[in-house]
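Some notes on the structure that comes next.
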Amino acid sequence: MARLDPHSYNDSTQPETETLDWKARVDFRTRRLHAEATLTLKEASAGPLDLDTRDLDIRGVVDDQGRPLPYILSPPEPILGSRLRIELPEGVKQLTVRYRTSPEASALQWLTPSQTAGGQQPFLFSQCQAIHARSVVPLQDTPRIRIRYRASLRVPKGLKSVMAASFVAREEHGVEAEEHYEMPQPVPPYLLAFAVGSLTSKELGPRSRVWAEPEALEDAADEFAGVDDMLKAAESLFGPYDWERFDLLLMPPSFPYGGMENPRLTFLTPTLIAGDKSLVNVVAHELAHSWTGNLVTNASAEHFWLNEGFTVFAERRILEALAGPEVAALHAALGRRSLDEALHHFRAHPQLTALRTHLSGVDPDEAFSQIPYEKGYLLLRALEDAVGRPTFDGFLRRYLAKYRFQALTTEEFVRFTEGELPGALAKVDADAYLNRPGVPESAPRPTSARLEALERLRGKVPSQADTKDWTPTEWQLFLESMPVDTSKDVFRELDAKYALTGSRNSEVLVAWLVAALRAGFDAPLGRAEEFLGEVGRMKYLKPLYSVLASSRDHRKVARAAFEKHGARYHPIARQGVELILARA
Numbered sequence: 001m002a003r004l005d006p007h008s009y010n011d012s013t014q015p016e017t018e019t020l021d022w023k024a025r026v027d028f029r030t031r032r033l034h035a036e037a038t039l040t041l042k043e044a045s046a047g048p049l050d051l052d053t054r055d056l057d058i059r060g061v062v063d064d065q066g067r068p069l070p071y072i073l074s075p076p077e078p079i080l081g082s083r084l085r086i087e088l089p090e091g092v093k094q095l096t097v098r099y100r101t102s103p104e105a106s107a108l109q110w111l112t113p114s115q116t117a118g119g120q121q122p123f124l125f126s127q128c129q130a131i132h133a134r135s136v137v138p139l140q141d142t143p144r145i146r147i148r149y150r151a152s153l154r155v156p157k158g159l160k161s162v163m164a165a166s167f168v169a170r171e172e173h174g175v176e177a178e179e180h181y182e183m184p185q186p187v188p189p190y191l192l193a194f195a196v197g198s199l200t201s202k203e204l205g206p207r208s209r210v211w212a213e214p215e216a217l218e219d220a221a222d223e224f225a226g227v228d229d230m231l232k233a234a235e236s237l238f239g240p241y242d243w244e245r246f247d248l249l250l251m252p253p254s255f256p257y258g259g260m261e262n263p264r265l266t267f268l269t270p271t272l273i274a275g276d277k278s279l280v281n282v283v284a285h286e287l288a289h290s291w292t293g294n295l296v297t298n299a300s301a302e303h304f305w306l307n308e309g310f311t312v313f314a315e316r317r318i319l320e321a322l323a324g325p326e327v328a329a330l331h332a333a334l335g336r337r338s339l340d341e342a343l344h345h346f347r348a349h350p351q352l353t354a355l356r357t358h359l360s361g362v363d364p365d366e367a368f369s370q371i372p373y374e375k376g377y378l379l380l381r382a383l384e385d386a387v388g389r390p391t392f393d394g395f396l397r398r399y400l401a402k403y404r405f406q407a408l409t410t411e412e413f414v415r416f417t418e419g420e421l422p423g424a425l426a427k428v429d430a431d432a433y434l435n436r437p438g439v440p441e442s443a444p445r446p447t448s449a450r451l452e453a454l455e456r457l458r459g460k461v462p463s464q465a466d467t468k469d470w471t472p473t474e475w476q477l478f479l480e481s482m483p484v485d486t487s488k489d490v491f492r493e494l495d496a497k498y499a500l501t502g503s504r505n506s507e508v509l510v511a512w513l514v515a516a517l518r519a520g521f522d523a524p525l526g527r528a529e530e531f532l533g534e535v536g537r538m539k540y541l542k543p544l545y546s547v548l549a550s551s552r553d554h555r556k557v558a559r560a561a562f563e564k565h566g567a568r569y570h571p572i573a574r575q576g577v578e579l580i581l582a583r584a
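Counting from 1, position 399 in the sequence shown corresponds to residue 399 in the UniProt record's numbering; the numbering is continuous, with no gaps.
The structure is reproduced here in C-alpha cells:
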C-alpha cells in the first residue's frame, strides 16, 4: 500500500480512474446537487477501491449491471474528508455512485439573487482547487490521476450552465433544462469547474468568448478585447494551444481568486474591470496555465511550485512580448515584494518557504502563499540567466512536450533538468530554492529605469510631471514601498492631489488603503469598510482585514465588517479572514 499524495486516500496499488460520467441536478432551494458519478477504471481489479469524499450523502453504489456493491464511508478526517471504500468483485471495471452534496460543500458557492450583478436570479459556481473536488464528486481527488469526463447538468430553464469543457447540447424538459458537456483531454480533478446563472456571451475572437451576467457583459468584453493577441503571443513562446477554446467567465464579486485556469473556461474576478485594461496580466497568468499547470501538472500540493512558478515565468514572458521588458520588470518587482511579505508571514513556519514542501497533516489552503509563485519564478529566471534565453526556451519546450498531459514531482523535474541542462542546477544553487527556507542572496532582481525612478521618490509626494506616464503598476509599487514612518501629512497630500481613495483600479486602491491605514491616516477608513463589502477576492480581503485587525482602534471595524459581509464570501476566503481575526 502506498499513498503518494498526502491529501488523498488514493492507494497507488489500486486501479486508476480513466473516465467520469457525471449527472447532476442543481437544486437552488436546498443548495444541493443530486448526482450520480460513473467511474470507468483503466483496468478491472478485485479488491478495495478508495475514493475521496467530503460531506457527501452516499445513497448507493452499483456496478455496470446495476448490482449493489458493498461500501464503507469512514468518519471524516479534518483535512481529507471521508474515505469511501468500495469492494470490487472480479471483473468489475465500471461503477456508479449515487449521492447528493451538502449545502455546505466546500467547493460550491450558492448566491442569492441579491448577491449577483442582476439581482434577479440565483448563481452557483464551483472552485475545486486544491482538494475540494471531493465535496462535489466522489473520486480519486489527486492531480496524479487525470481523467476525461462527460457531464450533464439539469438546471432551471431560465438559467444557463457553463462548464470547463466542450458544450454538446441543451434539452428542455418542462421547467428544467439539461445541458451536456464533454472534456476530451484528461484533466486533474481540481480543474472540474462549472457555473449556473443568468449568463450571456460575446465573441472576442475566433477561439475565445466572454461569459458574464448581462449587466456586466459589455464592460467585460471591452476589458478583455485583446485576449486573442495574448493567445497568439503565448503560442509563439510555448507551442500550440491544446484546448481548442480559451473562453472567459466573469465571476460574481465573491469569487475568492483573481482567476482560475479551468481549461476552456477561465474564471475571472470582476475586480479586473478597471476600465483601462490595466489588470489583464491576470488573464495572461491564467492563459499561461494552459501549458504550465493544465498541460503539465504538479503531482500533489507538495509540488505546487511546478504549476505556479512556471506559470509566473510564462506570464511575464507573455507580458514582455506584448508590452516590453520594462513592464515585465515592474511586475517582477511587485512579485518580489509579495514574496518578501509571504516569507515574513511564514517566519514561524520556515519549512513552508521551501519550494518542495512536505504537507502531511497540513491543509493546502493554509499553506497557500505567493512563495511557490514568486520563488519558483526566481529559480527559473536564475536558470534562464545561467544558460541563456535561447537554450532555456528550448529546454522549456522539451519539458512541456515530455510531460504533456502528465503530472510530475519536483524530483522528476530535477532529473529531467540535470539531463537537459547539465550542471545548471548546481550553478544556480537550485537546492537552496527547492529545499531550504528563504531566498538565496544570488536570486535575480528586476532592474529598469522606471524602477530606479520609483526608488528615488520613495516616501515623497511625486509631482504631476513625475507621474504623468505612470501605469497603475507603478502606482502600486510606489504605495507599497511607503516607509512605515511616513507622516500622515504625506498621505493627506497624496490623496488631495491624486484622489487615491476614489481609484477604480483595485490593486492601486488596496495598496493605498493598506499603506494609509498602517500609517494611522484614517480618512480612507470608510472606503475600506465599503470595499470589504464589494469584493470577495482573498488577495484584497486578507491585507485589509490584517491592517484593520492589527490596530486596536480598528479591530472592532474589522469584526463588524466581517459580521456584515462574511456570509457573502466564499468558504475558502471566509476561513482565511476568520483566522486573521482570531489571531488579532
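For each residue, glycine too, the CB sits at the ideal point set by N, CA and C. Please read these numbers as outputs of a predicted model, since none were measured by experiment.
Chain-order list of residues whose beta-carbon lies under 8 Å from that of residue i (same chain, five-residue window excluded)
i           : result
residue 364 : 7, 130, 131, 301, 304
residue 581 : 545, 549, 558, 559, 562
residue 472 : 274, 276, 278, 279, 505, 507, 508
residue 116 : 122, 123, 197, 198, 213, 252
Whole-angstrom C-beta distance between residue j and residue i, which should lie under 8 Å
i           : j           : result
residue 162 : residue 199 : 6 Å
residue 228 : residue 204 : 6 Å
residue 96  : residue 62  : 5 Å
residue 51  : residue 101 : Incorrect: roughly 15 Å between the Cβ atoms, too far for contact.
residue 159 : residue 196 : 6 Å
residue 267 : residue 259 : 6 Å
residue 84  : residue 58  : 7 Å
residue 189 : residue 139 : 6 Å
residue 22  : residue 234 : No, residue 22 and residue 234 are not in contact; Cβ-Cβ is about 30 Å, not under 8 Å.
residue 32  : residue 103 : 6 Å
residue 514 : residue 547 : 5 Å
For residue i, the nearest candidate out of the options (CA to CA)
i           : options            : result
residue 523 : 552, 493, 367, 351 : 493
residue 631 : 72, 94, 46         : The first residue shown for the chain is 1 and the last is 584, placing residue 631 beyond what the model contains.
residue 482 : 520, 504, 468      : 520
residue 376 : 257, 413, 463, 172 : 413
residue 164 : 183, 117, 173, 404 : 183
residue 516 : 478, 429, 386      : 478
residue 584 : 569, 471, 559, 518 : 559
residue 435 : 447, 133, 451, 411 : 411
residue 173 : 76, 156, 189, 466  : 156
residue 335 : 299, 378, 360      : 378
residue 469 : 450, 486, 349      : 450
residue 338 : 388, 480, 307      : 480
residue 341 : 207, 543, 569, 29  : 543
residue 574 : 12, 5, 107, 32     : 107
residue 284 : 306, 323, 297      : 323
residue 313 : 374, 45, 89        : 374
residue 463 : 429, 422, 498, 452 : 498
residue 307 : 287, 325, 326      : 287
residue 92  : 17, 146, 177, 148  : 17
6 Å CB neighbourhood of residue i in its chain, flanking five on each side removed
i           : result
residue 489 : none
residue 231 : 246
residue 25  : 34, 154
residue 289 : 261, 311
residue 501 : 495, 524, 527
residue 419 : none
residue 179 : 153, 161, 170
residue 36  : 23, 96, 98
Outcome for residue i when other beta-carbon atoms lying within 10 angstroms are tallied against a minimum of 16
i           : result
residue 382 : buried
residue 54  : buried
residue 60  : exposed
residue 506 : buried
residue 254 : buried
residue 456 : exposed
residue 13  : exposed
residue 141 : buried
residue 5   : buried
residue 127 : buried
7 Å CB neighbourhood of residue i in its chain, flanking five on each side removed
i           : result
residue 281 : 315, 319, 331
residue 209 : 201, 202, 203, 247
residue 510 : 540, 543, 544
residue 269 : 251, 255, 257, 258, 259, 537
residue 298 : 143, 304, 306, 307, 407
Residue i Cβ short of 7 Å to the ligand NAD heavy atom set
i           : result
residue 213 : In terms of ligand content, the structure shown is empty, and the ligand NAD therefore cannot be addressed.
Inset, instruction - Tell me the start and end of each unbroken alpha helix (DSSP H) in the region 350-402 that is at least 4 residues and wholly inside, in chain order. - result: 364-367, 371-387, 389-402
Legend entry - Minimum length 4: unbroken alpha helix (DSSP H) runs contained in the region 171-201: none
Inset, instruction - Ignoring anything shorter than 4 residues or poking outside the region 255-300, list the alpha helix (DSSP H) runs there in chain order. - result: List check, alpha helix (DSSP H) in window: 281-288.
Inset, instruction - Let me know the beta strand (DSSP E) ranges lying completely inside the region 85-151, each 3 residues or longer, listed in chain order. - result: 94-100, 108-111, 123-126
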